[in-house]
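Peer 1: Just dropping this structure here.
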Amino acid sequence: MNDREEHDGHDDRDDRDEHDEHDGHDGHDGHDGHDDRDDRAEHGGYGGRGGHVRHPAPHAARPVTEVTPPPLRPQQPHQPPLPAPQAELGIGMVGYAFMGAAHSQGWRTVGRVFDLPLRPAMNAVCGRDRDAVAAAAARHGWAAAETDWRRLLDRADVQLVDICTPGDSHAEIAVAALAAGKHVLCEKPLANSVAEAEAMAAAAETARARGQRAMVGFNYRRTPAVALARRMIRDGRIGTLRHVRATYLQDWLVDPEAPLTWRLRREQAGSGALGDLGAHLVDLAQYLAGERLAGVSAVTGTFVRERPSPTGGLGTVTVDDAALFTGRFASGALASFEASRVAAGRKNALRIELNGEHGSLAFDLERLNELSFHDHTEPAVAAGFRRILVTDPGHPYLEAWWPPGHGLGYEHTFVHQARDLVHAVAAGREPAPSFADGLQVQRVLAAVEDSAANNCAYTPVPESAPALVADFPT
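Using our numbering, read the sequence shown as starting at 959 and increasing by one per residue.
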C-alpha cells in the first residue's frame, strides 16, 4: 500500500482512518448530431404543399377527395441498438481511506468511460469501524458495508477483492481471497517482506490455473505519458538503453512534530520512503526498460527518530526517511534512484529519465500530461528535447476521454488500472503488473536494505520472474 504515495496530498487524519480501515486483522460539444437534412424532412416530408396530397379527378362531375396525412413525427437521428446486458464483475474492497477513495473513484468511473467486457459492480466495502465504513460506502457509492474482510470471501456477489490496507495485512487477505476463488487487486508494495510476497506469488500462480487473476496496484504505469514512453522504447525510438535516473520526493515528514503514524512503523509499513516511494520507481524503471534490476548498492537514513505518538509521549520511528541507491540492469544499463519524504518543498515530485544510444525520454509527474523526447539522430542544429502533449486520442487510454489538449489527472490512473484489470479477467490473460512482478520489486527493496546495512555493498537481486509483463490491453 502506498504510504504517502498513498499519502499524496492527504493529511494525517487519513493515516489514522486508514489504520482502522481494514478489519478482523490486528494490525464536440456544440453539435448535437442533428443536421439540416433532418429539418428539411420534418418540414416537407410528404412532398405536397402544406403537407396535403390531392388526387386528380378524371372529370368535373366526380367529387374530389382530400386525403389528410397523419401528423408529422420528428425524424430521429439513427440510434444504435441497445447493447446486450453485460455480465457483472462484483467488487469487494478492503480499506476505505485515502487509497480506498482512489480505488473507489476508479471502479465508479471506469464503466462510464470505457467499453468493457464486464460491468464492475461496487458491491461491498470493508473496514473495522462500523460507522466510518458505512459513511465511506455512502460517500463513494458502495452498495454495502462489512466489518470483517472474511465476509467478502463468503459473498457470492463478490468475484474480485481489492486490497487497500496497510502492508501488514496484504498477504493474509490476498492468499485467503485467492484460495476462496476470488480475483485480487492488491495495492503496492505487494507485501512487507520477500517471504510474504513469495507466498502471495505462489498463491496467485496456483489460482491462475483455475482462471483467477491477481494484479499489483502500481498506478503510475497507467499514466498515458508513461504508457506512451514504454511504447516508444519498445519501438526503438531511443535505441539500446544505457541509463535511468529516477527520483520521488515528498516533504510531509520535514516537520519533527509530524505524528507517528502506521507509515512510520516497520511492523505495519514494512519500510519507509523506500517501500512507499521507491517501490514506484523500481516498478517504473523495470517496466519502461523491459528488464529487471540485477543488483544494487544503497544508503538509507532516518533523520527524526522519535515523533509524537497518538497515545501520548514520543514513539520510535522504525523505518527510513530517505533511501538512495544505484543499480545495474541485467543488460548492463545503469540506474540511480532517490526516494525521500523529507525533501522540503517537494510535494509529490516523481521524475524518471531514460537515456539510450539514439535518444532520451523524460517524465515528470507534476506535468503528467507531457512527455519529453530527445531524438539524437536529428541534425545537431535541430536537436534538443521537445514536449509531446499526451492528450491525443491515439495515445494510450485517451480514445475514451476528452478532445486533444484536455488533460487528465492523478485519479484517472486508477480508472485505467480498473480498465486493464477488467480486460485481463474477461480475456483470461495475466494482468500487468502481476504478483510475480510485485515479488521482483520486493526483492529489489530487500536488496537495497541489505546493501545499506552492509556499508553500501553491491548486492545481487535474485530473479523471480523470467520475463516482466509490460503491455496493456489494446
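Glycine residues also receive a C-beta, built at the ideal position from the N, C-alpha and C atoms.
Because the structure is a prediction, the values reported are computed rather than measured.
Rounded to whole angstroms, how far is the Cβ of residue 1291 from the Cβ of residue 1200, which I believe are closer than 8 Å?
Peer 2: That pair is a contact at about 6 Å.
Peer 1: If you pair each beta-carbon of the region 1201 to 1219 with each one of the region 1295 to 1302, do three or more pairs fall below 8 Å?
Peer 2: Enough Cβ pairs lie closer than 8 Å, so yes.
Peer 1: Taking the C-alpha atoms as reference points, what is the distance between residue 1218 and residue 1267?
Peer 2: So the alpha carbons of these two residues sit roughly 5 Å apart.
Peer 1: Provide the residue(s) that pair with residue 1174 in DSSP beta bridges, ordered along the chain.
Peer 2: Beta-bridge pairing links residue 1174 to 1144.
Peer 1: Please report how far the alpha carbon of residue 1260 lies from the alpha carbon of residue 1390, in whole angstroms.
Peer 2: Approximately 33 Å between the Cα atoms of the pair.
Peer 1: Here's a check: name, in chain order, each residue in its chain whose Cβ is nearer than 8 Å to the Cβ of residue 1168, leaving out the five neighbours to either side.
Peer 2: Within the same chain, residue 1168 has close Cβ partners 1139.
Peer 1: Quick check: what's the CA-CA separation for residue 1192 versus residue 1186?
Peer 2: Approximately 10 Å between the Cα atoms of the pair.
Peer 1: For the 8 Å Cβ check, are there 3 or more pairs between the region 1068 to 1088 and the region 1373 to 1382?
Peer 2: Yes, the region 1068 to 1088 is in contact with the region 1373 to 1382.
Peer 1: Quick check: what's the CA-CA separation for residue 1252 versus residue 1402?
Peer 2: Roughly 8 Å separates the two Cα atoms.
Peer 1: Determine the direct distance from the alpha carbon of residue 1099 to that of residue 1074, and round the result to whole angstroms.
Peer 2: Roughly 19 Å separates the two Cα atoms.
Peer 1: Could you check the C-alpha separation between residue 1088 and residue 1052 for me, to the nearest Å?
Peer 2: Straight-line Cα distance between these residues: approximately 13 Å.
Peer 1: Report the residue from 1141, 1122, 1105 and 1133 whose alpha carbon sits nearest the alpha carbon of residue 1116.
Peer 2: It is 1141.
Peer 1: Taking DSSP as the reference, what is the three-state secondary structure of residue 1062?
Peer 2: Residue 1062 falls in the helix class under three-state DSSP.
Peer 1: Do residue 1393 and residue 1163 have their C-beta atoms within less than 9 Å of each other?
Peer 2: Yes, these two residues count as a Cβ contact at 9 Å.
Peer 1: Please report the distance separating the alpha-carbon of residue 1347 from that of residue 1367.
Peer 2: The alpha-carbon atoms of residue 1347 and residue 1367 are separated by roughly 14 Å.
Peer 1: Reducing DSSP to helix, strand and coil, say where residue 1322 ends up.
Peer 2: Note: residue 1322 maps to strand in three-state DSSP.
Peer 1: What are the boundary residues of the beta strand (DSSP E) that residue 1332 is part of?
Peer 2: Per DSSP, residue 1332 belongs to the beta strand (DSSP E) from 1328 to 1333.
Peer 1: Which two residues bound the contiguous beta strand (DSSP E) that contains residue 1213?
Peer 2: Counting along the chain, residue 1213 falls outside any beta strand (DSSP E), and DSSP gives it neither H nor E.
Peer 1: At what residues does the beta strand (DSSP E) containing residue 1298 begin and finish?
Peer 2: Here the beta strand (DSSP E) through residue 1298 covers 1292 to 1298.
Peer 1: Quick check on residue 1371: does DSSP put it in helix, strand or coil?
Peer 2: If DSSP states are grouped into helix, strand and coil, residue 1371 belongs with the helices.
Peer 1: Using C-beta distances below 7 Å, list every residue in its chain close to residue 1315, excluding the 5 sequence neighbours before and after it, in chain order.
Peer 2: Excluding positions up to five away in sequence, the list reads 1197, 1198 and 1200.
Peer 1: Quick one, which of 1150, 1047, 1092 and 1356 has its alpha-carbon nearest residue 1277's?
Peer 2: Comparing Cα-Cα distances from residue 1277 to each of 1150, 1047, 1092 and 1356, the minimum goes to 1150.
Peer 1: Among 1065, 1057 and 1083, which one has its Cα closest to the Cα of residue 1050?
Peer 2: For the residues 1065, 1057 and 1083, the minimum Cα distance to residue 1050 belongs to 1083.
Peer 1: Would you please state the rounded distance, in angstroms, between the beta carbons of residue 1326 and residue 1181? I believe it to be under 8 Å.
Peer 2: Contact holds; Cβ gap of about 5 Å.
Peer 1: How about residue 1145 and residue 1122: are their beta carbons less than 9 Å apart?
Peer 2: Closer than 9 Å, so yes.
Peer 1: Hey, residue 1416 and residue 1409: beta-carbon distance below 9 Å or not?
Peer 2: Cβ distance < 9 Å, so residue 1416 and residue 1409 count as in contact.
Peer 1: What is the DSSP secondary structure of residue 1353, counted as helix, strand or coil?
Peer 2: Here residue 1353 sits in coil by DSSP.
Peer 1: Check residue 1111 in the structure and name its three-state DSSP category.
Peer 2: Three-state result, residue 1111: helix.
Peer 1: Express the C-alpha separation of residue 1358 and residue 1054 in angstroms, rounding to a whole number.
Peer 2: The alpha-carbon atoms of residue 1054 and residue 1358 are separated by roughly 27 Å.
Peer 1: Could you check where the beta strand (DSSP E) with residue 1133 kicks off and where it finishes?
Peer 2: Taken as a continuous stretch (DSSP letters only), residue 1133 belongs to no beta strand (DSSP E), being part of the alpha helix (DSSP H) at 1128 to 1137.
Peer 1: CA-CA distance, residue 1373 and residue 1061?
Peer 2: Looking at the two C-alpha atoms, the distance is approximately 8 Å.
Peer 1: Starting from the C-beta of residue 1137, find all residues in its chain whose C-beta is less than 8 Å away, skip the five residues before and the five after it, and write them out in chain order.
Peer 2: The residues are 1161 and 1165.
Peer 1: Quick check on residue 1474: does DSSP put it in helix, strand or coil?
Peer 2: The chain is shown from 959 up to 1432; residue 1474 falls before or after that span and cannot be answered.
Peer 1: Consult DSSP for residue 1346 and reduce its assignment to one of helix, strand or coil.
Peer 2: The answer is strand: DSSP assigns residue 1346 an E or B state.
Peer 1: Among the residues of its own chain, which have a CB less than 8 Å from the CB of residue 1279, if the five just before and after it don't count?
Peer 2: Answer for residue 1279: 1211, 1230, 1231, 1259, 1260, 1261, 1262, 1298, 1299 and 1300, listed in chain order.
Peer 1: Does DSSP classify residue 1201 as helix, strand or coil?
Peer 2: Residue 1201 falls in the strand class under three-state DSSP.
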